[in-house]
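Peer 1:
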Amino acid sequence: MNCSTGEVIAVVLSSCAELDKFQMAKEIHGYVISDGFQDYMFVQNSLISVYGKNGNVEEARNLFMEIKTKNIVSWNALISSFAGACFCDEAQEIFSQLVNLDDWKLRPSVVSFSAVVGGFAAKQRENECFEVFREMLLSRVHPNSVTIASLLSLCAEVVALGLGKEIHGYSIRALMDKNILVGSSLVNMYTKCGDVMDGCSSGLISLNELIEKMPFEPDECVWGALLNACMIHKNTDVAEVIKSRLNLE
Numbered sequence: 001m002n003c004s005t006g007e008v009i010a011v012v013l014s015s016c017a018e019l020d021k022f023q024m025a026k027e028i029h030g031y032v033i034s035d036g037f038q039d040y041m042f043v044q045n046s047l048i049s050v051y052g053k054n055g056n057v058e059e060a061r062n063l064f065m066e067i068k069t070k071n072i073v074s075w076n077a078l079i080s081s082f083a084g085a086c087f088c089d090e091a092q093e094i095f096s097q098l099v100n101l102d103d104w105k106l107r108p109s110v111v112s113f114s115a116v117v118g119g120f121a122a123k124q125r126e127n128e129c130f131e132v133f134r135e136m137l138l139s140r141v142h143p144n145s146v147t148i149a150s151l152l153s154l155c156a157e158v159v160a161l162g163l164g165k166e167i168h169g170y171s172i173r174a175l176m177d178k179n180i181l182v183g184s185s186l187v188n189m190y191t192k193c194g195d196v197m198d199g200c201s202s203g204l205i206s207l208n209e210l211i212e213k214m215p216f217e218p219d220e221c222v223w224g225a226l227l228n229a230c231m232i233h234k235n236t237d238v239a240e241v242i243k244s245r246l247n248l249e
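Counting from 1, position 108 in the sequence shown corresponds to residue 108 in UniProt numbering; the numbering is continuous, with no gaps.
Right under this line is the structure:
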């Protein structure tokens with residue numbers, strides 16, 4: 001039993017979470033207990049994540065409570081577990097516990113904030129989502145591409161074009177607009193918000209420019225989103241151009 005073996009177990013558990021191999025993860029959990037790895041923090045944190053991603057948030061919470069000395073990864077794993085399962089109020093409650101800890105070493109990170117933002121965004125709870133985002137900025141924690149993509153996704157679903165444009169502006173100032181996740185989310189937001197009107201509209205021009213200025217080659221998902229918007233708004237001329245790009249008849 002050694003630390004390097006524990007690290008390997010943690011990596012394998014993380015892979016199980018990403019690949020949706022929960023049964024395998026449970027078997028590894030049994031091995032962790034029988035061979036005495038349950039006190040290795042990186043193994044404990046990985047177990048929280050794997051149970052959380054499977055939606056078993058109460059087991060994730062139990063594992064979290066068993067950790068004697070928790071680090072920020074432990075807190076983030078639990079917050080992400082509840083937020084990912086759309087228990088956003090519970091995620092925010094755990095987040096608040098982290099904020100109120102009397103330990104200057106344990107402060108919410110970009111992962112903590114992004115998880116809560118993403119949870120509220122998934123439930124289309126606009127006010128709470130942007131309140132956490134404002135708190136994030138006030139705390140001087142810099143949003144990442146995941147944070148921005150979650151906000152843009154929310155704007156797309158609730159058709160909040162004005163807010164979406166503000167987030168677009170923020171992403172430009174933060175030099176994140178060239179990120180592939182943010183770029184794709186911008187296209188999705190503009191199309192779902194109906195910023196594609198007709199061939200001479202400013203909305204369509206801005207969207208075309210957005211795609212053309214992407215530092216990466218737009219994939220089929222990006223072009224598909226634009227094509228869908230053109231079809232919805234009966235923009236047949238542009239739709240034909242996109243079809244030719246996608247080799248569609």
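Glycine included, C-beta positions come from ideal geometry on N, C-alpha and C.
Predicted, not measured: the structure shown is a model, and the values here were computed from it.
Quick check on DSSP: helix, strand or coil for residue 61?
Peer 2: helix
Peer 1: Within its chain, find whatever has a CB closer than 8 Å to the CB of residue 177; leave out the 5 residues flanking it on each side and keep chain order.
Peer 2: 168, 171, 183, 186
Peer 1: Could you give the DSSP three-state label for residue 69: helix, strand or coil?
Peer 2: coil
Peer 1: According to the Cβ coordinates, are residue 116 and residue 83 closer than 8 Å?
Peer 2: yes
Peer 1: Let me confirm a value: residue 200 is counted as buried when at least 16 other C-beta atoms fall within 10 Å, else exposed. Which label applies?
Peer 2: Here residue 200 scores only 32 on pLDDT, less than 50, and its place in the model is too uncertain to base an answer on.
Peer 1: Below 7 Å CB to CB, which residues in the same chain sit around residue 128 once its five sequence neighbours on both sides are set aside?
Peer 2: For residue 128, the CB contacts under 7 Å within the same chain, skipping 5 residues up- and downstream, are 120 in chain order.
Peer 1: Can you give me the Cβ contacts of residue 60 inside the same chain, cut-off strictly under 7 Å, excluding the 5 residues immediately before and after it?
Peer 2: 48, 51, 52, 78, 81
Peer 1: Measure the C-alpha to C-alpha separation of residue 19 and residue 190 and round it to an integer number of angstroms.
Peer 2: Each residue's alpha carbon lies about 32 Å from the other.
Peer 1: Roughly how many angstroms lie between the CA atoms of residue 73 and residue 231, to the nearest whole one?
Peer 2: 45 Å
Peer 1: For residue 104, which of helix, strand or coil comes out of DSSP?
Peer 2: coil
Peer 1: Leaving out five residues on either side along the sequence, give the residues of the same chain with a beta carbon under 7 Å from the beta carbon of residue 145.
Peer 2: The answer, listed in chain order, is 176, 179, 181, 182.
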